[in-house]
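Down below is the structure, laid out as structure tokens.
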Amino acid sequence: MPASQVREEEKPDTDLLVSELLQWAEILDVPIADLLEEPQNNLSSPIRERAKLVRIMKTVKAISERTQEANIGILSEVLVDQLIDLMPELAEINAWNNVGQRRSLNDLGQIAERSISCDSIISAMRD
Numbered sequence: 245m246p247a248s249q250v251r252e253e254e255k256p257d258t259d260l261l262v263s264e265l266l267q268w269a270e271i272l273d274v275p276i277a278d279l280l281e282e283p284q285n286n287l288s289s290p291i292r293e294r295a296k297l298v299r300i301m302k303t304v305k306a307i308s309e310r311t312q313e314a315n316i317g318i319l320s321e322v323l324v325d326q327l328i329d330l331m332p333e334l335a336e337i338n339a340w341n342n343v344g345q346r347r348s349l350n351d352l353g354q355i356a357e358r359s360i361s362c363d364s365i366i367s368a369m370r371d
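What the sequence shown shows, in my numbering, is residues 245 to 371, in sequence order.
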């Protein structure tokens, strides 16, 4: 799903079909009621807990990558395994970024600033 469509669908005045709501409930793994009513504290409890686990995993992976001490490396690997037991999707999570600044949703990446024409790609392929 393109990011532009996601941004459009998250606007409060957007009318969504029930089938689209069901699809979002399945993707986010939350009850559809959480999508229909405004939550009291921004995120439903399951999503908030999952977000916390993701942040913890990012921190543990960063510790694991940067440590010079064997004992801390072993402890961090044990913690990674325990977190994956709690939430298997965490196996795909990477450490926090070392350098650089994250882009906002409105910022464009390097590809937008250094665009090339399709004609130049086609002519390069012919050569």
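Just so you know, even glycine gets a beta-carbon here, dropped at the ideal spot from N, CA and C.
- Contact between the region 300-314 and the region 334-343 is present: 3 or more CB-CB pairs across the two stretches fall below 8 Å.
- A contact between stretches requires three or more CB pairs, one per stretch, nearer than 8 Å, and the region 287-296 meets this requirement with the region 268-278.
- In the DSSP assignment, Leu323 falls within the alpha helix (DSSP H) that extends over Ala314 to Leu330.
- It is roughly 14 Å from the alpha-carbon of Cys362 to the alpha-carbon of Ala356.
- A direct Cα-to-Cα measurement between Leu260 and Glu313 gives close to 52 Å.
- Taken through DSSP and simplified to helix, strand or coil, Leu279 comes out as helix.
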